[in-house]
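Line by line, the protein sequences give chains A and B.
For the first sequence, my numbering assigns the number 24 to the initial residue and increments by one for each residue that follows.
For the second sequence, my numbering assigns the number 24 to the initial residue and increments by one for each residue that follows.
Number of protein chains: 2
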Amino acid sequence: MKKILVLGISGSIGRQTWQVIRQHPEEFQLVGASFGDNLELLPELLKEAHLTHIWVKSNDTRLALKVQYPKIRFYSGEEYMIDMVLDTEYDLLVNALVNFIGLKPTLAAIERKKNIALANKETLVVAGQFVLEACQRQQVSLLPIDSEHSAIFQCLQGNQRQDVKSITLTTSGGSFRDKSRAELKDVTVKEALQHPNWSMGCKITIDSATMMNKGFEVIEAHWLFGLPFKQIKVAIHRQAIVHSFVTYQDNCTIAQLATADMRVPIQFALSWPKRLEAPSHSELDLTKTPPLTFEAVDYDRFPLLALAYRVGEKKGNLPAVMNAANEVAVSYFLAEKIPFLAIEDIVIKTCDTIAYSPEVSLQDIYTWDGEGRRVAAEIAKEFLL
Amino acid sequence: MKKILVLGISGSIGRQTWQVIRQHPEEFQLVGASFGDNLELLPELLKEAHLTHIWVKSNDTRLALKVQYPKIRFYSGEEYMIDMVLDTEYDLLVNALVNFIGLKPTLAAIERKKNIALANKETLVVAGQFVLEACQRQQVSLLPIDSEHSAIFQCLQGNQRQDVKSITLTTSGGSFRDKSRAELKDVTVKEALQHPNWSMGCKITIDSATMMNKGFEVIEAHWLFGLPFKQIKVAIHRQAIVHSFVTYQDNCTIAQLATADMRVPIQFALSWPKRLEAPSHSELDLTKTPPLTFEAVDYDRFPLLALAYRVGEKKGNLPAVMNAANEVAVSYFLAEKIPFLAIEDIVIKTCDTIAYSPEVSLQDIYTWDGEGRRVAAEIAKEFLL
Chain A
24 MKKILVLGIS GSIGRQTWQV IRQHPEEFQL VGASFGDNLE LLPELLKEAH
74 LTHIWVKSND TRLALKVQYP KIRFYSGEEY MIDMVLDTEY DLLVNALVNF
124 IGLKPTLAAI ERKKNIALAN KETLVVAGQF VLEACQRQQV SLLPIDSEHS
174 AIFQCLQGNQ RQDVKSITLT TSGGSFRDKS RAELKDVTVK EALQHPNWSM
224 GCKITIDSAT MMNKGFEVIE AHWLFGLPFK QIKVAIHRQA IVHSFVTYQD
274 NCTIAQLATA DMRVPIQFAL SWPKRLEAPS HSELDLTKTP PLTFEAVDYD
324 RFPLLALAYR VGEKKGNLPA VMNAANEVAV SYFLAEKIPF LAIEDIVIKT
374 CDTIAYSPEV SLQDIYTWDG EGRRVAAEIA KEFLL
Chain B
24 MKKILVLGIS GSIGRQTWQV IRQHPEEFQL VGASFGDNLE LLPELLKEAH
74 LTHIWVKSND TRLALKVQYP KIRFYSGEEY MIDMVLDTEY DLLVNALVNF
124 IGLKPTLAAI ERKKNIALAN KETLVVAGQF VLEACQRQQV SLLPIDSEHS
174 AIFQCLQGNQ RQDVKSITLT TSGGSFRDKS RAELKDVTVK EALQHPNWSM
224 GCKITIDSAT MMNKGFEVIE AHWLFGLPFK QIKVAIHRQA IVHSFVTYQD
274 NCTIAQLATA DMRVPIQFAL SWPKRLEAPS HSELDLTKTP PLTFEAVDYD
324 RFPLLALAYR VGEKKGNLPA VMNAANEVAV SYFLAEKIPF LAIEDIVIKT
374 CDTIAYSPEV SLQDIYTWDG EGRRVAAEIA KEFLL
């Protein structure tokens, strides 16, 4: 029985993680969870799971729950999420938080030698070096939940890292894949949120349309698989069936294919190194899928993907700055304050404006994150609608 | 340095095996080889390789070579191929013989605890049970050279056999994949030999057109991977890029892709568990390939594939009989003695005519092979042009 602590259970990945856990009661037990604003899932979990530790956002909610469920330990407040990670007895931490907040709890779990299933991109994009160093020191496995990284991880099983020639992350191309940059001038938030293959949160859907998300994934892959950026490629694959592939030096390519259902990579992260039965809804019949196509990416069309390669190579303060600027820009776009293309301008200008600092400590990252947000907000003023 | 003995070096697979060995002089050394009628490669090997043992078909050739190369041990005669396998010092036996002759030498090598790289289908189709029992007893690895089985073997690396839901062997569909059975009535030998993707020998090209070859591969897969026939599927994949795939119980499919170059699977069998660099001619760029399609197989259109499933399930004398009947029928077709569709009729009728015998010894197989040939030749008389 694998005991699991899920950070961010109320989000899309968190809820699907709970579905996977519930489908395998012999294998998994949910012992702890952190909730965001949405407490919808809480009554079901209190009834069906055997939670020992729960983190909620609001202090009032925490106090109310504490009185009602005296056997469960409740936490609230950002710093106390680390306490939950330190106090709970579990085997695997699932980090499904949607932003930077997940970094410190993840590092705390690694220091406790707990394996980490990671859906939180920011953790690796911004602090990959620190997370990987900690994992290596504590001999902890970092298991990717992203469909692309799960695919690469699966295609690497049973092979030697030094035999890898390249890995290729596939991308559907996002909601605007067939629009030229000229056609992107006046696109609306509503149009941007119509992703062709996946139903995801707003932030990540916009990040897919700009391919900032794919850029984050390139940086994640660099850390997860210990590969230089020149060995990490991106290809447009509209059907979202081949989730990524590895090409070895003997010119064999190993690819992972599955339906576009996040429960597939979530389950692999939870069950690894085993594979467990999955419900039939996620079955893939290749004789019934459309033809599988792959296209090269135009980096001029998707400048944030090109930026991510440069930022990932240079490291230092740049990943934190890029991530912060992107968060600001996307939130402005979603609030209809700026046009779509201004996201790219703001992120690129912010990275160009802030002085490059090659050496950063873990604490510096928080500073650069703040600085990135401040400068991005400043630059955004030029683009206000 | 891996020392390699190649049975059947003068055939297509044998010659390509030599190319792979020569490309990796730090890794592989060819120490012995058997030649068929074609001795074209012999001078090159005598010059470039450091052969210690050589088998040739003709006794006269053997005696002539023995005088000329006193340091090399020469053999001739079918029984003496076993002697070569017993006398030579090597780490890996490559069985690239094109028919039934390869069985006894392979079994002799297994008894010496030598790993086997197997390109010879008949060995497993007809005597899979005996070969597998010997491999298990002697803890010998059986490494497939067929592109499909190499693909499956690669997709199984790092995974547990009990997690496999199904394996799917891909097939280009052969030279007549778009012809109906009615249209096959008058096809010529020349038309049949035009395979859409691979340049192969005559026998195997005809076996591809009837899908008897795919049927053999289904039976091979049954033995190689220890899977029941209901877990072994076939799909038409015209582009011959996805060489086969494995679907796991978590609904993840792992596929192997490569250019249609036999040196790729040959090299994997030689280098396993490592992967070595391959020359750039075999590089695959998925952004430049046609869309990848998969189609279900119509078993009424390809009755020999359906027959192979039944024969593989029933075992006993049937695999030997089916293989023998097919050899006779294909040789008659290639000699323009019978029409194309008669191949299927002869093989099916031979299997129906000969009484089913569930228990067979290794020696019985040779008897049933002879009986299959005799009955097939008898049945073929009905179909003579």
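Backbone N, C-alpha and C fix where the C-beta goes; we use that ideal spot for every residue, glycine too.
Small disclaimer: the values here were computed from a predicted structure and weren't measured.
Please identify the residue among the options whose C-alpha is closest to the C-alpha of residue i.
i      : options                           : result
A205/B : M24/B, P381/B, Q39/B and L364/B   : L364/B
E401/B : S380/B, C374/B and R184/B         : C374/B
I264/A : T193/A, E382/A and S33/A          : T193/A
F199/A : R324/A, H172/A and F356/A         : R324/A
A174/A : T310/B, V187/B, L216/B and I277/B : I277/B
R286/A : Q42/A, S33/A, R298/A and E382/A   : Q42/A
N138/A : Y113/A, K256/A and D284/A         : Y113/A
M104/B : L116/B, K94/B and D308/B          : L116/B
T376/A : L357/A, A403/A and E359/A         : A403/A
M107/A : N182/A, I388/A, P313/A and S57/A  : S57/A
From the beta carbon of residue i, is the nearest beta carbon of chain A less than 8 Å away?
i      : result
A258/B : yes
G181/B : yes
A278/B : yes
Q290/B : yes
Y271/B : yes
L30/B  : no
K237/B : no
T233/B : no
S170/B : no
E306/B : yes
A281/B : yes
Should residue i be flagged as near chain B, meaning a C-beta pair shorter than 8 Å?
i      : result
R324/A : no
D321/A : no
N274/A : yes
D186/A : yes
V287/A : yes
T310/A : yes
C178/A : yes
A301/A : yes
K297/A : yes
T316/A : yes
Would residue i be called buried (16 or more neighbouring beta carbons within 10 Å of its own) or exposed?
i      : result
A132/A : buried
G31/A  : buried
M234/B : buried
Q279/A : buried
N118/B : buried
T211/A : exposed
E71/A  : exposed
R184/B : exposed
K136/B : exposed
Q162/A : exposed
A281/A : buried
Q159/B : exposed
L130/A : buried
G125/A : buried
Y355/A : buried
Is it true that the CB of residue j sits closer than 8 Å to the CB of residue i?
i      : j      : result
G100/A : T75/A  : no
A348/B : I361/B : no
G151/B : I242/B : yes
H73/A  : E171/A : no
R298/B : C275/A : yes
A244/A : I168/A : no
V353/A : D230/A : yes
T270/A : S189/A : yes
F268/A : G335/A : no
K89/B  : G59/B  : no
I27/A  : L62/A  : no
S380/B : G339/B : yes
S33/A  : L64/A  : yes
Would you please verify whether the beta carbon of residue i is less than 8 Å from any beta carbon of chain D?
i      : result
L207/B : In the structure shown, chain D does not exist; the protein chains are A and B.
Quiz item: Any contact of the segment 339-349 of chain A with the segment 375-395 of chain A, i.e. 3+ C-beta pairs under 8 Å?
Solution: yes
Exercise. Check whether the segment 321-337 of chain B touches the segment 237-244 of chain B, counting contact only when three or more Cβ pairs, one atom from each stretch, lie closer than 8 Å.
Key: yes
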